[in-house]
Amino acid sequence: MDFKKIVQERRSIKYFDANHKMTKDEINELFKMTVLSPTAFNIQHWRFDVIENKELREQIKKISFNQSQVTDASLLVVISGDLDAWKKNPRKYWKNADENVQKMMESMITNFYINKKEMQRDEVMRSCSMAAMTMMLCAKNMGYDSCPMDGFDFPELSKLLNFPKNQIPVMFVAIGKKLQDAWPRGGQLHLNQVVNFRE
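Residue 162 in full-length UniProt numbering sits at position 162 of the sequence shown, with consecutive numbering throughout.
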């Protein structure tokens, strides 16, 4: 599919065919593309929980305002981020670089994040959000629709999935075959309202 068309036709779909199943190959391909998304210092803060268990999906639905996408989408991905990823052997993020680069990046990463809780959290949000967008665009290219979701009880989800303290939920992405089109676009702000050229 033409990339411009992918961007234009990607919409947040609320109703999915609950009987449609994605193949393992499709899911693997989706994640292979998703993890190519950019992250600061290549830290790859994201974590992806693919919720396949039907009972667990029902439990998640209850803490998500009973939104049908949670149970009906072919794929429900909980995207969360590791707040401590920056300090977990940071050289591993540069394992293919030479020794000098590994040392330099380790020092830069440590100095950039140490004692900066807000920055650590902000980077998780940025990284996970970019990964979610990549995932949704790739899904569209594969003939699937998607819906990014933050309408759920964040603390309850963390309990339900037994997330450690350093792991925080960011959003869901529901993916599948749509049953209904999205509503017409509500209206985009004019470019001159959001784009500022500074000469």
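All C-beta atoms, glycine included, are put in the ideal place defined by N, C-alpha and C.
### Query
So, do the stretch 73 to 81 and the stretch 154 to 168 have three or more beta carbon pairs nearer to each other than 8 Å?
yes
### Nearest residue (CA-CA) to N166, options E106, Q120, L36 and S74
Q120
### Query
Just to confirm, are F16 and S74 a CB contact at a threshold of 9 Å?
yes
### Message
Is it buried or exposed, R47, if we count other Cβ atoms within 10 angstroms and call 16 or more buried?
### Response
buried
### Message
Counting beta carbon pairs with one atom in the stretch 89 to 104 and one in the stretch 56 to 71, are three or more of them shorter than 8 Å?
### Response
no
### Query
Looking at C-alpha atoms only, which residue of K4, I175 and S107 is the closest neighbour of I13?
I175
### Query
Buried or exposed: which applies to V195, given that a residue is buried once 16 or more other Cβ atoms fall within 10 Å of its Cβ?
exposed
### Message
Let's test the definition: count the other Cβ atoms within 10 Å of the Cβ of S146 and tell me whether it reaches 16, buried, or not, exposed.
### Response
buried
### Task
Could you work out which residue in W86, R10 and Q180 is closest to H45 when comparing CA atoms only?
W86
### Message
Buried or exposed, going by whether 16 or more other CB atoms sit within 10 Å of the CB of T110?
### Response
exposed
### Task
With a cut-off of 8 Å on the beta carbons, I'd call A40 and E123 a contact; round off their distance for me.
5 Å
### Message
Going by DSSP, what residue range makes up the alpha helix (DSSP H) through M125?
### Response
K117 to N141
### Query
Roughly how many whole angstroms lie between the Cα atoms of T34 and M133?
9 Å
### Rounded C-alpha distance that separates F172 from S107
33 Å
### Query
Can you pull the DSSP bridge partners for L75?
I175
### Query
To which residues of the same chain is I63 closer than 8 Å at the C-beta, ignoring the five residues directly before and after it?
F152, D153, E156, L157 and L160
### Task
Determine the direct distance from the alpha carbon of I43 to that of E118, and round the result to whole angstroms.
16 Å
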